[in-house]
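Undergrad: Residue numbers (my numbering), protein chains in the order written: chain A, 41 to 381; chain E, 41 to 381.
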DNA sequence: TGGTAACATGTGAACGCTCTCAGGAAACCG
DNA sequence: CGGTTTCCTGAGAGCGTTCACATGTTACCA
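This is how it looks when you write it as structure tokens:
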């Protein structure tokens, strides 16, 4: 409205309403002990000047910002991007803003540096969407020095976190294959430095062992369809027999299926495949993909809940919430018949 | 190091180094005019106290935050999530932080409210990853009252923005089909309130008209594979003949291909399909999908460049940068032969 | 009617930084 | 050797809030 439009401050409002800045502050923050008349007069002035409190000044004065930091890794992939999206939704629902940063790799250095950078931004808490295992860094929760929660970190670690029981998911998948009669079950894993990939890999191994089966051939991919394709080709070149494949995510499964088809191996007639994640496209693959569903929505929601709880009680013992994935049966698994692979 | 670990301030450093707070500030901000001896003494104190400037206080004092706001819409979809990711990368490269918010719909109200919310967070600029057309809101760039750029807004609008020439992309796709001999070219569009979807739709119509062809049947989807599947079924029920399909994105194309297959229509033998986006999986679809590639990486990069330029010169006339998409030929288009659809 | 409680408002000092200005010391010049 | 410039440093105000405290009213009760 005014020409140069310097934003109105508490004092401007106070002056216009003929009260002190403090009274305005009381009105804004809904304190009792302000007369009804004054209140309306102040509110009027606020409206007239289009006043909104400066969050930076508030933050400086209160030392809290109603903002949390989110650090993401690999967020162009389906899983991480879902997690970030749902964390954002959860935070907004609780009236928190978020400052966001990604990290190019999971080295301690990079992570610490990014955390430090966010910390002097004055955030009230931190969500780490960094599927880093081992927690050598995170043991140093005294380094973070801030309420935080990790998503998708290693199961069983002594760190506030929400995880999906990937090991269990892998077991569901592999058991399903075993029940269909498969004995030679290969694997294409995700990058094993991702904790989730590692856990799925371990689950695959463990389930085979429990069933008295030898570990099948395994290759490591990089989450993408292209890498799944390459991994499958490497697997085929090894000329180890397999009638089923457990693949670390759905995109790689897609690539793998193509590689198989190029060798005239049809899914599921010749090779059964189960993926992981249940991306929205999986039901429309050719064939529709049997896979393991992870519930990213509640994951994000729970992470936010947990973080807020920790912000209230920062000294409570660390607590890990575990979510269980679910097998989604579609058409990429068939009972083992007379098959030559 | 100390027990309760109040973070060190400028004054703490000053005291330890035996200089004034102002001198410390000079050292921190790399001002000249501070003697070498003093500088090293101060740096030492900084290291000892593990001091890092409080960005909030800095922001308050300077009225700038080296932070930009990003508002996203539909960021669980491939395109938007890519744009956000690349904007984030570009900002970080320039030393800017980002505060992030999504918006549940594109109504003026919601958008204005979100913008206002970010504005009192003290951001230096704003990136709108909101494919809103019409710009009724954005005409009100004086509402935003902040340097900003829109990504993927309507082509030709008088607003600082970076856009991909979707119309051109659609033309590439449809021409390709026409050159393959197709005359009955149907469409599955994205949600037409997305400006990109609208532009692709218009491009489809225009290209057909230029070639003297009647507009084919068209159905609207919602970007997902499931919606593409449904749209294709509706299209088939209409019993209008088509030998080719232009689909608004790759996921919907995937769904459409499945719907076709369920009717025993094979791609590309019976129906040719071209998608849009070139998601990383498209090359691994069955059949590998011919599609139109959008370069989201340079899109994000350019958006950041443009924003920084506008932050330097906020009163420069608005400027739109246009990127051109590219046809990627794979295996989902075949020349029209003797076909009965 | 005096004393206390409850309410309503204002005053001034933080919060941690940057900016403007001024002053002292050193260096330079004719 | 006085005057001017340059370099280095410090003092203090200000950014827009909130918080702790002081003060002035009105109301209540014995």
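From the three backbone atoms N, C-alpha and C, an ideal C-beta is built for every residue, glycine too. As the structure is a prediction and not an experimental result, all values here were calculated from the model.
Do residue 327 (chain E) and residue 271 (chain E) have their C-beta atoms within less than 8 Å of each other?
TA: On the second chain, residue 327 (chain E) is found 287 positions in, with the first residue counted as 1. On the second chain, residue 271 (chain E) is found 231 positions in, with the first residue counted as 1. Cβ distance not < 8 Å, so residue 327 (chain E) and residue 271 (chain E) don't count as in contact.
Undergrad: Which of the three DSSP states is assigned to residue 134 (chain E) in this structure?
TA: If you number the second chain from 1, residue 134 (chain E) lands on position 94. Note: residue 134 (chain E) maps to coil in three-state DSSP.
Undergrad: If I'm right that residue 374 (chain A) touches residue 309 (chain A) with Cβ under 8 Å, what's the distance once you round it to whole angstroms?
TA: Here residue 374 (chain A) corresponds to residue number 334 of the first chain, with the count starting at 1. Here residue 309 (chain A) corresponds to residue number 269 of the first chain, with the count starting at 1. 6 Å between Cβ atoms; contact.
Undergrad: Excluding five sequence neighbours on each side, which residues of the same chain lie with their C-beta closer than 8 Å to the C-beta of residue 88 (chain A)?
TA: Position 48 of the first chain, counting from 1, holds the residue named residue 88 (chain A). Closer than 8 Å at the Cβ level, and outside the excluded window around residue 88 (chain A), lie 56.
Undergrad: Decide if the stretch 292-307 of chain A is in contact with the stretch 240-248 of chain A; the criterion is three or more beta carbon pairs, one per stretch, under 8 Å apart.
TA: Not touching, per the Cβ criterion.
Undergrad: Using a 10 Å radius around the Cβ and a threshold of 16 neighbouring Cβ atoms, would you call residue 42 (chain E) buried or exposed?
TA: Translated into positions along the second chain, residue 42 (chain E) becomes position 2. With a pLDDT of 34 at residue 42 (chain E), under the threshold of 50, the modelled position of that residue is not reliable, and no figure is offered here.
Undergrad: Excluding the five sequence neighbours on either side, which residues of its own chain have a C-beta within less than 6 Å of the C-beta of residue 204 (chain A), listed in chain order?
TA: Along the first chain, read from residue 1 onward, the residue named residue 204 (chain A) stands at position 164. Taken in chain order, the residues that qualify are 334, 363, 365.
Undergrad: Could you pull the start and end residues of the beta strand (DSSP E) that residue 258 (chain A) belongs to?
TA: The residue labelled residue 258 (chain A) in the question sits at position 218 within the first chain. Element bounds for residue 258 (chain A): 258-260.
Undergrad: Which two residues bound the contiguous beta strand (DSSP E) that contains residue 286 (chain E)?
TA: Here residue 286 (chain E) refers to the residue found at position 246 of the second chain. Start and end: 284-287.
Undergrad: Whole angstroms are fine: how far does the CA of residue 255 (chain A) sit from the CA of residue 380 (chain A)?
TA: As a working mapping, residue 380 (chain A) is identified with position 340 in the first chain. As a working mapping, residue 255 (chain A) is identified with position 215 in the first chain. A caution first: residue 380 (chain A) carries a pLDDT of 47, below 50, which makes its placement in the model unreliable, though a value can still be read off. Taking the straight line from one Cα to the other gives about 19 Å.
Undergrad: Measuring only the C-alpha atoms, how far is residue 278 (chain A) from residue 257 (chain A)?
TA: One-based indexing of the first chain puts residue 278 (chain A) at position 238. One-based indexing of the first chain puts residue 257 (chain A) at position 217. The alpha-carbon atoms of residue 278 (chain A) and residue 257 (chain A) are separated by roughly 8 Å.
Undergrad: Does any CB atom of chain A fall closer than 8 Å to the CB of residue 138 (chain E)?
TA: One-based indexing of the second chain puts residue 138 (chain E) at position 98. Yes - at least one Cβ of chain A is within 8 Å of the one on residue 138 (chain E).
Undergrad: Taking residue 363 (chain E) as part of the beta strand (DSSP E), name the residues at either end of that continuous run.
TA: Taking the first residue of the second chain as 1, we reach residue 363 (chain E) at position 323. Residue 363 (chain E) -> beta strand (DSSP E) spans 360-363.
Undergrad: Using the C-alpha atoms, what's the distance from residue 283 (chain E) back to residue 225 (chain E)?
TA: Translated into positions along the second chain, residue 225 (chain E) becomes position 185. Translated into positions along the second chain, residue 283 (chain E) becomes position 243. C-alpha separation (whole angstroms): 6 Å.
Undergrad: Across which residues does DSSP place residue 188 (chain A) in a beta bridge pair?
TA: Stepping through the first chain from its first residue, residue 188 (chain A) is reached at position 148. For residue 188 (chain A), which the question treats as bridged, DSSP gives the partners A:166.
Undergrad: How would you write the range of the beta strand (DSSP E) that residue 367 (chain A) sits in, first residue to last?
TA: Position 327 of the first chain, counted from the start, is the residue given in the question as residue 367 (chain A). 366-368 is the extent of the beta strand (DSSP E) around residue 367 (chain A).
Undergrad: Would the beta-carbon of residue 261 (chain E) fall within 8 Å of that of residue 221 (chain E)?
TA: For the purposes of this step, residue 261 (chain E) is identified with residue 221 of the second chain, where counting begins at 1. For the purposes of this step, residue 221 (chain E) is identified with residue 181 of the second chain, where counting begins at 1. Cβ distance not < 8 Å, so residue 261 (chain E) and residue 221 (chain E) don't count as in contact.
Undergrad: List the endpoints of the continuous alpha helix (DSSP H) containing residue 338 (chain A).
TA: Taking the first chain and counting its residues from 1, the one referred to as residue 338 (chain A) is at position 298. Where residue 338 (chain A) is concerned, the enclosing alpha helix (DSSP H) stretches over 336-352.
Undergrad: Note down, in chain order, all residues in the stretch 48-80 of chain A with a beta-carbon under 8 Å from any beta-carbon belonging to chain E.
TA: Hits within the stretch: zero.
Undergrad: Residue ranges of each alpha helix (DSSP H) run of no fewer than 4 residues wholly in the stretch 282-321 of chain A, ordered along the chain?
TA: With a minimum length of 4 residues, the continuous alpha helix (DSSP H) runs that stay inside the stretch 282-321 of chain A are 290-302.
Undergrad: Determine which residues share a DSSP beta bridge with residue 140 (chain E) and list them.
TA: Counting from 1 along the second chain, the entry for residue 140 (chain E) is found at position 100. Paired residues: A:138, E:110.
Undergrad: For residue 379 (chain E), which of helix, strand or coil comes out of DSSP?
TA: The residue given as residue 379 (chain E) occupies position 339 in the second chain. Any reading at residue 379 (chain E) must be qualified, since the residue scores a pLDDT of 46, below 50, and its modelled position is unreliable; the value itself is stated next. Coil, per DSSP.
Undergrad: Return the chain-ordered list of same chain residues with a C-beta closer than 7 Å to the C-beta of residue 269 (chain A), the five sequence neighbours on each side being excluded.
TA: Counted from its first residue, the first chain places residue 269 (chain A) at position 229. Closer than 7 Å at the Cβ level, and outside the excluded window around residue 269 (chain A), lie 295, 296, 298, 299.
Undergrad: Got a sec, what are the start and stop residues for the alpha helix (DSSP H) residue 96 (chain E) sits in?
TA: The sequence position of residue 96 (chain E) within the second chain is 56, counting from 1. Segment 95-102, the alpha helix (DSSP H) holding residue 96 (chain E).
Undergrad: On the three-state DSSP scale, how would you describe residue 219 (chain A)?
TA: The sequence position of residue 219 (chain A) within the first chain is 179, counting from 1. Residue 219 (chain A) falls in the helix class under three-state DSSP.
Undergrad: For residue 344 (chain E) versus residue 131 (chain E), is the C-beta distance shorter than 8 Å?
TA: Numbered from 1 along the second chain, position 304 holds the residue referred to as residue 344 (chain E). Numbered from 1 along the second chain, position 91 holds the residue referred to as residue 131 (chain E). The answer is yes: Cβ separation under 8 Å.
Undergrad: Would you report the Cα separation of residue 152 (chain A) and residue 285 (chain A), rounded to the nearest angstrom?
TA: As a position in the first chain, residue 152 (chain A) is number 112, starting the count at 1. As a position in the first chain, residue 285 (chain A) is number 245, starting the count at 1. If I take the Cα positions, the gap works out to 38 Å.
Undergrad: Once the 5 residues before and after residue 332 (chain E) are set aside, which same chain residues still bring their CB inside 8 Å of it?
TA: For the purposes of this step, residue 332 (chain E) is identified with residue 292 of the second chain, where counting begins at 1. The answer, listed in chain order, is 209, 210, 212, 213, 314, 315, 316, 317, 318, 365, 366, 367, 368.
Undergrad: Answer yes if the stretch 74-84 of chain E comes into contact with the stretch 122-129 of chain E, meaning at least three C-beta pairs across the two stretches below 8 Å, and no otherwise.
TA: Flag = no, the stretch 122-129 of chain E and the stretch 74-84 of chain E do not touch.
Undergrad: Residues of chain E with CB under 9 Å from residue 291 (chain A), in chain order?
TA: Locating residue 291 (chain A) in the first chain gives position 251, where the first residue counts as 1. Ordered by position in chain E, the residues that pass the 9 Å Cβ test against residue 291 (chain A) are 320, 321, 324.
Undergrad: When you check each C-beta in the stretch 245-278 of chain A against every C-beta of chain E, which residues fall closer than 9 Å?
TA: Correct list: 264, 265, 266, 268, 269.
Undergrad: What first and last residue would you give for the alpha helix (DSSP H) that runs through residue 65 (chain A)?
TA: Within the first chain, numbered from 1, the residue matching residue 65 (chain A) stands at position 25. That run of the alpha helix (DSSP H) goes 61-68.
Undergrad: Just checking: is the beta-carbon of residue 169 (chain A) within a distance shorter than 8 Å of some beta-carbon in chain E?
TA: Against the first chain, residue 169 (chain A) aligns to sequence position 129. No, because no Cβ of chain E sits closer than 8 Å to the Cβ of residue 169 (chain A).
Undergrad: With distances taken between CB atoms, is the gap from residue 170 (chain A) to residue 186 (chain A) smaller than 8 Å?
TA: Translated into positions along the first chain, residue 170 (chain A) becomes position 130. Translated into positions along the first chain, residue 186 (chain A) becomes position 146. No, the pair does not count as a contact, with Cβ atoms beyond the cut-off.
Undergrad: For residue 55 (chain E), which three-state DSSP category applies?
TA: Here residue 55 (chain E) refers to the residue found at position 15 of the second chain. If DSSP states are grouped into helix, strand and coil, residue 55 (chain E) belongs with the helices.
Undergrad: Between the C-alpha atoms of residue 44 (chain E) and residue 188 (chain A), what's the straight-line distance to the nearest angstrom?
TA: Residue numbering aside, residue 44 (chain E) sits at position 4 when the second chain is read from its first letter. Residue numbering aside, residue 188 (chain A) sits at position 148 when the first chain is read from its first letter. Bear in mind that a pLDDT of 46 at residue 44 (chain E), under 50, signals an unreliable position, so the number given afterwards is only what the model happens to contain. Approximately 18 Å between the Cα atoms of the pair.
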